[in-house]
Structure formats: C-alpha cells, structure tokens
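Chains as they are written, first to last, in this note's numbering: chain D, 6 to 359; chain B, 152 to 515; chain S, 199 to 504.
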C-alpha cells in the first residue's frame, strides 16, 4: 500500500528533475536567517558559494534547527536528498554530525565552533576576540564613566575569550576602565537582553557590548539611551546609526568557497580553520564617526598588526581575577587555552561557572 | 445556546463507533489544514501530503526516526494521562524530564570508563528517582499547602533548566571538552541498544509500549486505578472508597514524574549520548497533547504518539526538502489537538439539529 | 539613569504587559473559564501589532489590531470550551500552540526587524522630580493605563451589574442560568476580553518595550501571566502587586549580576520562579482566602442540558 502510494505521488510530479549539478550542498542554521545575525552571515557564505560556482553547485538551506536530538534527522534528510557536502552552523550539531560523517565517508562536512575533526569533518571558528579587542580599545577611548557593560547569553569559552579581550584592550588604552558582564542563561529572550542592557546602563555603563545576540535588541536600547554599542556577527549600524561604535562581523565567503573547491577537486581535508582578521573571516564594520582620526589611526594600526601576526590580543602579561599571572610578559596565550577559556581577567566584574 | 441551530445532549451510552469519530475528524482536519497551509507556501498538495505523511514511513531510516520520536512522547503521555484522569494537571513533564536526564547522567559521567553492564539499569533507576523527586515538590506543595500544581510544575520547568545549565557549565562539564557546556560522552555500557542497524531507533520503544500495557491494565482493570479517577474527580465520594484526594495527587504526580524522568534518561542514553544544553525539543509539552489526543486512554495514546511522531518527522522532512517554515509544524500540532477536542463533542454528547418548533418552545 | 531610576522604570516596563494580560485573564477566570493559551495569544498580538505599526505608523491602531487578532484566537478557544464543551486545560494548551505557530509563520518576513519606539508621554511636573520622575512618570501611555485598568477591573467586578453577572456565572452557573442569564454568552465575552487584553500586552512588548519582532519574543511571559492570577488570589490589586514584584525581582537579579557578586548567574535567573512558587504556596495555605476569591466553577465544563 505504502509503495503504491509512493509510486502514485512520484508519478504526480515528485520525481526530482535530472538537475546536473556537480555538488549538492546543504546548510543547517540554528536560528532564522533574518536580516542580521550569525545565521545570516552563514547564509551570505552560502550565497557566495552559489555565486562562485553557478550551476555546478546547488545549495539548500534549513534554518531554525534546534540543537538536540532533531538536528541529526535534518542532516540525514539532506544526505538522502543527494547532498554530499554539509555546513553545520552550530556547536551543538557536533556529535550527530561526526557520527553521520563516519557512516557517510563520501559526504564532506564543515562544522562551526567545534573541536573534533575527522577526515571528512572539518571545523571552523572565528577569532572574534581579535575584533572585540579592537572594539574594546574603542570602548576604552570613548567611555566617560569608565564602565563598559556586556550582555551575553551563555558563558561558553568563545564568549569568555571575547570578554577578556575587550577588558584587556579597554584597560590598555584606559587603565581606569572597568567591565561588567550579565549572562542571560537563556537561548532566546530579546526583552530580557534589553533589561540587562538597561541594568548595565544604570550601573554607569556608557558603552555596551552585545555578544552573540542575533537580534538588534541591545543596539535598540543603546540607540534609545544615547550610548555606544559594539555588536556581533552583522553590521547593525542601520539599527543604531548614532550608537553603533563598531560591528565585529563574520565573513565566511572565502572559506566556504575554498572548501567547496577542495571538495570538487577531491582534495577535501578535515582540517581546523580558525579565521581572524588576517583570513578575512572577522571584519570590522561600521566604525563610528565619533572616533577621532587619531583614535582611528591607533585602531587601524592594531588591526594591521593583528592581521600581520605581529601582535596578538592575548600577549602577556595577563593577570586573572584572582591576581594569578596567566601569561608572562613576552609570551602569548596558546590557541588551545584561548578556545577553552574559563577564567576572567582582572578588571571584570562578574564570574564564570567553574 | 439558542444562537446555535443545534442542541447538545448528554449521551446515555457510548458506542464503539462514536469513539473513533473525534480522532478521525482531527486527522482529516489536520491533513486538510496542512494542504491549505503548504499550498499557500507554494508547495503542491501532492508534495505536501507526501512529505508530511508518507515520506516518514517510506524509508527504513525515516521510519526508525518516527519510532525514536514516538518513544518519549508515549512514555511521558502515559504517565501524564494517569494524573489527568484524576484531574491533576502536571504541566511540568519538561522539567521532570530534564531532572531525569541529569540524574541518569551522573553514573556515566562519574564512572566514565566503566564497563559494568548494570550501568544502564542503574541510570534508569536514578533518573526515575530524580524525575519523581522533582514532581514530588509539586505534590508536597499541593497536599500540604494547597498550591496549584499547574503553576508549581510550570515554574519548576524554568528552574530545572537553570539547574541543567549550572551543572553542565561547572560540576558535570567534560574536563577534556575545552570547557564547552556539555558532559563527557557516555561509555558504551550507558547507551541503549539500537533496534535497527544503521538507524537511531533504540529499545526505549519497547519500554514505552510495556508502560502502555501497564497503564492500560492499571486504569481499565484495577481497583486502585478506578479509585484514582474517583479520588481526583470527586473527592468526597472517594473518601468512602478509601482513596482520598491526597493519594490521588501523590500517585498522579509521582507516576508522571517517574515516566518523564525515565524518558530523560532515554534521551541522554539514546540519541544524545551525553548531557548537554538541549536535552529535549519540548517533549514534555508535546506529551500533554499526545495524552489528550489519545483520549487519556492508554491504547488511544499509543496511536496518538505515533501520529504526533509522524507529523514531527514529516515536518522536518518538509522543512528540509521543501523549505517549509518550522512554524508550520507547530500550527499543525495546534490544529490537530483543537479539532480533536472540538470534535469530542460528537462522541461525548449527542449533537442534534434543532427543530424550529422545539427551538421556539425552549425560548419560552 | 541611576540604579533606582532603572529599577523603577524597568519594573514598570517589564510588568505592564504582564499586568494587562493578567487582568484580562482575571476576568476570564472569574467567569469560570481557565485560559492557558495566553502565551500564544500574546505572541499573535505581538506580531500583528508589529506588522500593523510598521505598515500604518499608527501605534494605537497597532495595539488595537494586536488585541483583535488575539481575541479572534480567543474566539476559537471559546468555541472549543464553551460550545463543544472541551476540557479547558487541554484546549488552552492546544490553542496556545496554534497561536505560537501562527505568529511564527505570519512574522517570518519581519524576523529581527525593529521599529521606532512608541512616543512617551511624560506627566507634567511629576516627570521633573529627580529619580522618581524619570523612573515612574516618563513612559508610554499604556504604562500609566495598567494600574488604572487594575482599579477599573476591581470596580467592574465588585460594584457593577456586569461584574455581578460575571461572578455569578463563575460561582454558580446553574443558578445564574436559572435566573435567566446566558452563561455561555457571558463566558464567551469574558474569554474574548481576556484574549483582547493578552493581545494588547503582546503588542506592547513588540512595539513599545522591545520595539522589535522575533519569533519566540514572548519567551514564557504568557505563563507568568497565568501564575500571577493565582498569585493574586483572583483580586486585581494583588495581581497588580504580583506583576510589579515579579518584574522587580527579575531586574534585581540582573542588577546583582552586574555588580559582580560571585553567585552563579543561573541561581539569580531562577530566583523569580522560586519566589513565585513560594508565594503561591504561602498564599494558598489559607484555604479561607482561596475559597473567598477563587471562582468555584473554574475549569469545569458547563453543560446546560443536564
């Protein structure tokens, strides 16, 4: 019975037309690919792939796929629809993706923010802390109250590293600068993010950082209250023309295009890519006009020095909240510790769970 | 009621036939609604039907996914239905599931290199106790302080989530996991055996079906089951039967919490393989729909859990293959339950068209 | 903005939608109907209000549209529980899910869009008082309306014919029917009113406080609304106190975090929920108080042709 029904429906026009793309690639995004946000930047990467390869590569995208037991089904469905390359846009897809990669060696996967690789399972992470270091410098320059506030969802290592980079940078240009953090502990609650933003303002913060908030919630508050804000993922200056001090944006176009090329050439490798300013994966956008020429020159100088690898956001000396020296002068924090950070530097008001 | 051209009368006897009408209407309405919604989204009706209702059963893998999805829904819904029949409204299965997942994760996290085959049964016991204990908070507050269990269980959901977030970003975090908020992967002895090779369907479905049979026996054939129903719906009458309102509250919440807790263990020991930020895609709430959709009847719930799992999986397929937004799935769940509840009027009551004369008479 | 100003103004902003929706739910429950679908109605109100405000530029029209959309959903709920005599708990959950799904689908093109905030209406003189001026008297009109609505609801239920009928229908539907009231019609209107209020509350969030639309923006507030009615033991004054307390507790948790005290942030996030549980338990302990105010027939199916 089932088979007959299937046959009828297939006859009714379900059979996929013989499209001759060399590669079908599926993109799985954790949130809606709206005008701005993390998912939007990944989707722009998808568009770049389409633009670069034309008819050779056919892409599909599924948005709002929650982490948890259901993501594996979407991956599997994409593979059975003929996809031989997948982009997994959230850390939480890691274990399901790896399992599937093992049972489908012909499928290449690229996974965001993870730390496990396989021959056909590559990972990519943004060195957002580089961008936030620059944002932190700018914040240290413009703050009058010397209090900088941050709104963040969860204390994952990536975000902890960003908090630390901001603090180190702000204190470098402004030794008086103090940093306050509020963790929302919620997947998604824009009104609560806004309440947190206002709470930080009431504690004297005059520059806010919106860390990995996909909606312009915090930018909105900053605009209304007439203070500065630095946000993540996309250029949000349209939402805060007067308030956005800078946007730390991600651009995955080059990375995606090069990996698709590798796949087409049969050269795909399960490597780990950590892209920062030099790779173009992190880009600064929407610098505020309120920053003076001198300030901009200093920011550009640091940006170039990061991009050229001459200096690093986590160059020592770095002292943590308890007063312990984590990095000696002249040394640099190794990558492994940056991407597993669970301690805060001196000058942060707040705590991370341990 | 005179605005309506029909009257609703109490049914004196329920026929076998009348009991099938509501689910039939509900399923038909949902299918029609899905065609309408998907057509408005430029998906042809035949494609819509195929993706939602046939594709989930068309391949071995997809069918296994339906089974995988069905097991927790069935297990939790059976536990909830026992309470719902006694009019104890436990809306907190989501939180009880989370606590069960936490409890069930303790052993595999603490004894991560263990090869003891008793691990899995022990996890189920610990998880069941955690789920039960979380529900017991609501039971104590209701029995001792008369606190409304709907609200207490609801608030406990939010608290359970924060407990989970706290534990996985601290005490239960994988020490070799770069401080990501998740536990270590479970050892093999902590994982449920797979039912069908190369799929994710595991033996939890057998457990859920077993619980279904037990629930059916308990509610239909046993005296305590009967007393529980009476205890909840008519406290005074129940006291004569020796089974008071308090016992009904305790039994309802503890059974519900236990089932949800075990479902939580099955999630971490099944598809997830670790404790992480998301352990449930809303099974605790979906199971409430399943319980009602099954008419709070053990066998009805079996069918309801299957159909819900089907539209879940079908929804995911439609989302992947036909770019149908995620919300459509949510809408269909709502349509399914709303149309079911509304059409229950045909089985629980006799609906008659009013004769004009009769109508006039009543107005006098 | 100093700490106290923030606490006052933030509390008003957070509590206003909760209070408006809870006062609507109060009237619904007083008539004997338990509506658990507030979350879905607020979501539908939020998205409708946002779309209408974006398209028309009129915020008052948007609030009205949000209310009407949610009332339409409430009509579905009313039909299911009053006409087809469905179980109220199940129907509430079902209609709530329907509302959440609909709002997500309708709002998809507007995902993450923002809108200029509704104009504030500073109260002359009072808004110039330091601290409490900007804290309490410099808000959009609806913020001042909410406590007035609480007073009006109290007056309506206590001293008017309409209130008497609503209470009678909720206390003793058979008796109310016997003396000639149309129980179903009264309850249906109460359900519509509750939906209307929830819709306005949702629209308030999307166009006046958050000033953006995103799927899931209500984030559980609809359930808090249901809790507030019980917390307030079905009295509008206490419901209002509960709403403001809940708002203040949430904000206090965020404030404490920003001072850097080493309490796990998850504990602080849980505090409002723990407080709600304790408060409900304490208030429910005295059966007299509950019996005095809780509608006797709440949640029960009313069927005339017995």
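Ideal Cβ placement from N, Cα and C applies to all residues, glycine included.
Check, Outcome
"Boundaries of the beta strand (DSSP E) in which residue 324/B is found, first to last residue", "No beta strand (DSSP E) contains residue 324/B, which DSSP labels as neither H nor E."
"Assigned secondary structure, residue 156/B (DSSP; H/G/I helix, E/B strand, else coil)", "coil"
"Continuous alpha helix (DSSP H) stretch holding residue 340/S: start and end", "339-357"
"Interface flag, residue 449/S vs chain D, CB-CB below 7 Å", "yes"
"Residue nearest to residue 223/D in terms of C-alpha spacing, selected from 82/D, 62/D, 73/D and 158/D", "158/D"
"Alpha carbon of residue 178/B to alpha carbon of residue 487/B, nearest angstrom", "7 Å"
"Alpha carbon of residue 324/S to alpha carbon of residue 341/S, nearest angstrom", "15 Å"
"Distance CB(residue 251/B)-CB(residue 415/B) smaller than 7 Å", "yes"
"Residue(s) in a DSSP beta bridge with residue 115/D", "92/D and 127/D"
"For residue 333/B, the residue or residues it bridges with in DSSP", "427/B"
"The segment 353-364 of chain B / the segment 408-427 of chain B touching (three or more Cβ pairs under 8 Å)", "yes"
"Burial state of residue 239/S (16 or more Cβ within 10 Å)", "buried"
"C-alpha distance - residue 2/D paired with residue 212/S, whole-angstrom precision", "Past the boundaries of the shown model lies residue 2/D; chain D is included only from 6 to 359, so the question cannot be answered."
"Residue-level contact to chain D via CB, residue 471/B, 7 Å cutoff", "yes"
"Per-residue DSSP class, three states only, for residue 329/D", "coil"
"Same chain only: Cβ atoms within 7 Å of residue 29/D, ignoring 5 sequence neighbours per side", "63, 87, 88 and 89"
"Bounding residues of the alpha helix (DSSP H) (the contiguous stretch that carries residue 325/S)", "Per DSSP, residue 325/S belongs to no alpha helix (DSSP H) and is neither H nor E."
"Boundaries (first-last residue) of the beta strand (DSSP E) holding residue 435/B", "First-last for residue 435/B: 434-444, but that is the alpha helix (DSSP H), not the beta strand (DSSP E)."
"Touching by the beta-carbon criterion (3+ pairs, under 8 Å), the segment 196-215 of chain B and the segment 458-478 of chain B", "yes"
"Simplified DSSP state of residue 63/D, which is helix, strand or coil", "strand"
"Inter-residue Cα distance where the pair is residue 390/B and residue 399/B", "The predicted position of residue 390/B is uncertain, since its pLDDT is 49 and thus under 50; a value taken from the coordinates is nonetheless stated next. Roughly 11 Å between the two C-alpha positions."
"Short CB-CB distance (under 7 Å) between residue 120/D and chain B", "yes"
"Under 8 Å (Cβ pairs) to chain B, residues found in the segment 72-85 of chain D", "72, 73, 74, 75, 77, 78, 79, 81, 82, 83 and 85"
"Range covered by the beta strand (DSSP E) that runs through residue 154/D", "152-157"
"Short CB-CB distance (under 7 Å) between residue 347/D and chain B", "yes"
"At least 3 beta-carbon pairs within less than 8 Å: the segment 287-297 of chain S vs the segment 438-456 of chain B", "yes"
"Closest Cα partner of residue 216/D within the set 154/D, 231/D, 97/D and 259/D", "154/D"
"Continuous beta strand (DSSP E) stretch holding residue 472/S: start and end", "No beta strand (DSSP E) contains residue 472/S, which is instead part of the alpha helix (DSSP H) from 463-482."
"Residues bridged to residue 306/B (per DSSP)", "Answer by DSSP bridge pairing: none, since residue 306/B is not bridged."
"Distance, residue 202/B Cα to residue 94/D Cα", "24 Å"
"First through last residue of the beta strand (DSSP E) which encompasses residue 236/D", "233-238"
"Limits of the unbroken alpha helix (DSSP H) element including residue 484/B", "477-499"
"Reduced DSSP secondary structure (H/G/I, E/B, other) of residue 224/D", "helix"
"Extent of the continuous beta strand (DSSP E) run through residue 251/D", "249-255"
"First and last residue of the uninterrupted beta strand (DSSP E) at residue 345/B", "That residue, residue 345/B, is in no beta strand (DSSP E); it is neither H nor E in DSSP."
"Given 8 Å, three or more beta-carbon pairs between the segment 418-433 of chain S and the segment 488-499 of chain S", "yes"
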